[in-house]
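>
Protein chains in written order, with this note's numbering: chain A, 124 to 226; chain B, 124 to 226.
(1) Work out the CA separation of residue 172 of chain A and residue 128 of chain B for me, nearest whole Å.
(2) Taking its Cβ as the centre, do 16 or more other Cβ atoms sit within 10 Å of residue 212 of chain B, making it buried, or is it exposed?
(3) When you compare the CB positions of residue 187 of chain B and residue 196 of chain B, do they come within less than 8 Å of one another, or not?
(4) When the Cα atoms are used, what is the spatial distance from residue 215 of chain A to residue 147 of chain B?
(5) Expressed to the nearest angstrom, what Euclidean distance is found between the alpha-carbon atoms of residue 206 of chain B and residue 142 of chain A?
(6) Report, in whole angstroms, the separation of the C-beta atoms of residue 226 of chain A and residue 152 of chain A, which I expect to be a contact under 8 Å.
(7) What in chain B is Cβ-close to residue 110 of chain A, meaning under 8 Å?
(8) Within its chain, find whatever has a CB closer than 6 Å to the CB of residue 165 of chain A; leave out the 5 residues flanking it on each side and keep chain order.
(9) Looking at the secondary structure, which residues open and close the beta strand (DSSP E) in which residue 205 of chain A lies?
(10) Please list, in chain order, the chain A residues whose beta carbon lies closer than 7 Å to that of residue 186 of chain B.
(11) So, is residue 169 of chain A buried or exposed, given that buried needs 16 or more other C-beta atoms within 10 angstroms?
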């Protein structure tokens with residue numbers, strides 16, 4: 124077996140406010156973020172009841188990961204998702220909470 | 124003379140988080156918002172030193188107005204712009220401050 128596949132994540136310094144706000148401007152993506160904020164860490168994509176197709180859903184998770192909002196890790200054939208709360212709060216204090224409260 | 128022309132503004136209830144976040148996801152629009160937040164009310168569009176053409180600038184002001192972030196009023200041949208701080212803070216508490224702090 125080779126090494127586990129891994130997905131690219133921006134460092135906190137690489138996160139851009141443009142990408143963060145743009146990612147959060149979509150209601151499906153905010154649903155994902157709200158579910159991650161309200162539940163336990165590391166939820167599989169399949170655990171989200173989203174009103175979109177699987178490929179659209181995959182796209183939304185990728186946009187969130189590339190913005191730096193969520194982490195994604197392979198676990199077998201699943202991808203587990205987590206909210207990067209601490210890093211986001213350090214980089215953009217208050218932003219995540221304000222968006223979640225407004226949602 | 125007819126009545127003063129007026130521009131459409133969403134009421135606080137009509138503001139959508141999608142439109143607000145999408146409007147704020149652009150650096151030129153955040154520059155406008157930051158200048159309005161830091162200065163006096165009712166600044167003419169010409170008072171903003173923006174690195175874009177006049178028509179692009181006009182577009183950015185319109186996106187901000189249509190989202191509910193700024194007010195625009197005709198004053199003679201100029202348009203005066205103001206930040207809708209109070210209404211935004213009531214509708215989406217903490218959001219404007221978090222974005223301005225992150226900018």
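Just so it is clear, CB atoms sit at the ideal spot from N, CA and C, and this is done for glycine as well.
Note that the structure is predicted; figures quoted are calculated from it, not measured.
Judging by the given coordinates:
(1) For this step, residue 128 of chain B is matched to residue 5 along the second chain. For this step, residue 172 of chain A is matched to residue 49 along the first chain. Approximately 47 Å between the Cα atoms of the pair.
(2) The residue labelled residue 212 of chain B in the question sits at position 89 within the second chain. Label assigned to residue 212 of chain B: exposed.
(3) Here residue 187 of chain B refers to the residue found at position 64 of the second chain. Here residue 196 of chain B refers to the residue found at position 73 of the second chain. No, Cβ-Cβ distance for residue 187 of chain B and residue 196 of chain B is not below 8 Å.
(4) Against the first chain, residue 215 of chain A aligns to sequence position 92. Against the second chain, residue 147 of chain B aligns to sequence position 24. The straight-line gap from Cα to Cα measures roughly 14 Å.
(5) Taking the first residue of the second chain as 1, we reach residue 206 of chain B at position 83. Taking the first residue of the first chain as 1, we reach residue 142 of chain A at position 19. Whole-angstrom Cα-Cα distance: 23 Å.
(6) Translated into the one-based positions of the first chain, residue 226 of chain A becomes position 103. Translated into the one-based positions of the first chain, residue 152 of chain A becomes position 29. Not really, about 11 Å apart at Cβ, beyond 8 Å.
(7) This structure cannot speak to residue 110 of chain A, because chain A is shown only from 124 to 226.
(8) In the first chain, counting from the first residue as 1, residue 165 of chain A sits at position 42. The beta carbon of residue 165 of chain A sits closer than 6 Å to those of 203, 205, all from its chain and outside the five residues before and after it, given in chain order.
(9) To locate residue 205 of chain A, count along the first chain from 1; it is residue 82. For residue 205 of chain A, the enclosing beta strand (DSSP E) starts and ends at 201 to 206.
(10) For the purposes of this step, residue 186 of chain B is taken as residue 63 along the second chain, with counting starting at 1. The contacting residues do not exist; residue 186 of chain B stays about 12 Å from chain A at best.
(11) Residue numbering aside, residue 169 of chain A sits at position 46 when the first chain is read from its first letter. When all chains shown are included, residue 169 of chain A counts as exposed.
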